[in-house]
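So in full-length UniProt numbering, spot 242 of the first sequence is number 242, and the numbers just go up one at a time.
In what follows, a structure is listed as C-alpha cells, so that the remarks can point back to it.
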Amino acid sequence: MSDAPPPNAQLNDNAHTSSAANTPFGASGGASPLGRRLPRTFYQRSPRRVARELLGMALLRRDCDGVWCGGWIVETEAYLARGDAASHSAIGPTARNASMFAQPGTLYVYSIHAKYCLNAVTQQSGTGSAVLIRALQPVWGLDRMQQRRGLNTVDRRLTSGPARTCQALDVTKKNDGLDLVEDANFAIVRPRLPFSFKIITGSRIGISSAVDQRLRFFIDGNLFVSGRRREHSKPAVDRLPCAEPPVQSRISIDSTTPSD
DNA sequence: AGTACGATGGCCT
DNA sequence: GGCCATCGTACTC
Numbered sequence: 001m002s003d004a005p006p007p008n009a010q011l012n013d014n015a016h017t018s019s020a021a022n023t024p025f026g027a028s029g030g031a032s033p034l035g036r037r038l039p040r041t042f043y044q045r046s047p048r049r050v051a052r053e054l055l056g057m058a059l060l061r062r063d064c065d066g067v068w069c070g071g072w073i074v075e076t077e078a079y080l081a082r083g084d085a086a087s088h089s090a091i092g093p094t095a096r097n098a099s100m101f102a103q104p105g106t107l108y109v110y111s112i113h114a115k116y117c118l119n120a121v122t123q124q125s126g127t128g129s130a131v132l133i134r135a136l137q138p139v140w141g142l143d144r145m146q147q148r149r150g151l152n153t154v155d156r157r158l159t160s161g162p163a164r165t166c167q168a169l170d171v172t173k174k175n176d177g178l179d180l181v182e183d184a185n186f187a188i189v190r191p192r193l194p195f196s197f198k199i200i201t202g203s204r205i206g207i208s209s210a211v212d213q214r215l216r217f218f219i220d221g222n223l224f225v226s227g228r229r230r231e232h233s234k235p236a237v238d239r240l241p242c243a244e245p246p247v248q249s250r251i252s253i254d255s256t257t258p259s260d
C-alpha cells in the first residue's frame, strides 16, 4: 500500500481501487501497514489539539463481511466542554450525548436532520469534549461506500460532510459508544508515511453560537473538504473595540505533518 | 402528547 | 446563493 495517496491528493490520484488495496491492517490482523492505531493518550488531550492532529490520520471501519472501508481524515471540528454554547455537552449529560462524557477514544454518534454524524471523545471521562470528523478522502472500500451513498463515481459527494461520511461507512446510532482504541471493527490509525500538508483553521460550520471561535481544521486544497474550502478575511467591522486583534489573526495557515 | 429545532444535504434558481 | 425534507431529541403543556 505504498501507493496509497497522500491526504492532499486530488481526485484523479485517488482513482485506483483493488482488492489488494483493501488491507489496512494486513491479513494477520496485526500491525497495520499504514501505521499503528492511535492510543488512548492521543485522545486524552484538548479537543483543539486532537482535532488538528487527526488530520491526515486514517479512519477505518470493517463491514460484517470483513471488507475495510475508510480514508484519510481531511476536515475536523473541536467541540469544547465548557463555555462552548455550540457543543452538545453544553446542556450537561442527557440520553443523547451520554457517550460524549465517556472515556477518551469513545465514538460519539448523534442524529441530526434524520442523518448521523461521528465524533471522537477527548480529554477525561466526564469532561464532555469531542472532535467531529467532517470529511474523509476516500481510499479503502470505494465500491462499498459508493453503493451505500447511491453513487456510481468517486467524487466529493462520497464523503464530503459528516453525514455523508457516516452513510459511506454505515455508521449509525448503533455504533454510538464503541471504543476506537479497542474495537475490532473501527479504528483511527497513524499513517506509515509522513505526509506534509497545510492546515487551515476557521469557524465551525452550521452553528449559530460561538461562531467567532476558530475550531474548524482542514487540509488546504483537499477536494473532499466540505463547506467553505477557503477562509477569507472578514471586512473590518465597526463597533469593534480598539483592543480587537487584527482581522488576519483569525486565519492561521501553517505547515505540519501528522506525526507528533 | 405536542412541539420546536438542529454540529445536514439534496435540489433548485 | 436559497429552500425544505426529514426525524430524533429535548422541552413544554
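For each residue, glycine too, the CB sits at the ideal point set by N, CA and C.
Can you tell which of Ala78, Tyr116, Ala187 has its C-alpha closest to the C-alpha of Arg214? Against the first sequence, residue 214 aligns to sequence position 214. The residue with the shortest Cα to Cα distance from Arg214 is Ala78.
Here's a check: name, in chain order, each residue in its chain whose Cβ is nearer than 8 Å to the Cβ of Cys166, leaving out the five neighbours to either side. Sequence index remark: in the first sequence, residue 166 carries index 166 (1-based). Once the five neighbours on either side are set aside, the close Cβ partners of Cys166 are Val109, Lys115, Tyr116, Cys117, Leu118, Thr172.
Would you tell me roughly how many angstroms separate the C-alpha atoms of Pro245 and Gly202, rounded to the nearest one? Counting from 1 along the first sequence, the entry for residue 245 is found at position 245. Counting from 1 along the first sequence, the entry for residue 202 is found at position 202. Here the model assigns Pro245 a pLDDT of 26, short of 50, so the residue's position is not dependable, and the following value carries that caveat. So the alpha carbons of these two residues sit roughly 15 Å apart.
If you run the structure through DSSP and keep just helix, strand and coil, what is Gln137? One-based indexing of the first sequence puts residue 137 at position 137. Gln137: strand per DSSP, three-state reduction.
With contact counted as at least three CB pairs below 8 Å, one residue from each stretch, are the segment 95–105 and the segment 151–165 in contact? no
Can you tell me which of the three DSSP states Cys166 falls into? As a working mapping, residue 166 is identified with position 166 in the first sequence. In this structure, Cys166 counts as helix in the three-state DSSP scheme.
Span of the beta strand (DSSP E) holding residue 262? Because the chain here runs from 1 to 260, residue 262 falls outside it and cannot be looked at.
Relative to the C-alpha of Ser46, which candidate in Val211, Asp143, Ala130, Asp179 has its C-alpha closest? Here residue 46 corresponds to residue number 46 of the first sequence, with the count starting at 1. For the residues Val211, Asp143, Ala130, Asp179, the minimum Cα distance to Ser46 belongs to Ala130.
Whole runs of the alpha helix (DSSP H) within the segment 140–209, excluding any shorter than 4 residues: 142–149, 162–169
How close, in whole Å, do the beta carbons of Ser99 and Asp176 come, if the pair is a contact with beta carbons under 8 Å? To locate residue 99, count along the first sequence from 1; it is residue 99. To locate residue 176, count along the first sequence from 1; it is residue 176. The pair is a contact, with the Cβ atoms about 5 Å apart (cut-off 8 Å).
Tell whether a beta-carbon distance below 7 Å holds between residue 284 and Asp220. Outside the displayed range of the chain (1 to 260) lies residue 284, so it cannot be described from this structure.
What residue range is occupied by the uninterrupted beta strand (DSSP E) comprising Ala120? For the purposes of this step, residue 120 is taken as residue 120 along the first sequence, with counting starting at 1. 115–122 is the span of the beta strand (DSSP E), which, as asked, contains Ala120.
Distance, Cα to Cα, Pro138 vs Ser209? Sequence index remark: in the first sequence, residue 138 carries index 138 (1-based). Sequence index remark: in the first sequence, residue 209 carries index 209 (1-based). One C-alpha to the other measures close to 31 Å.
What residue range is occupied by the uninterrupted beta strand (DSSP E) comprising Glu77? As a working note, residue 77 is residue 77 in the first sequence. That run of the beta strand (DSSP E) goes 68–79.
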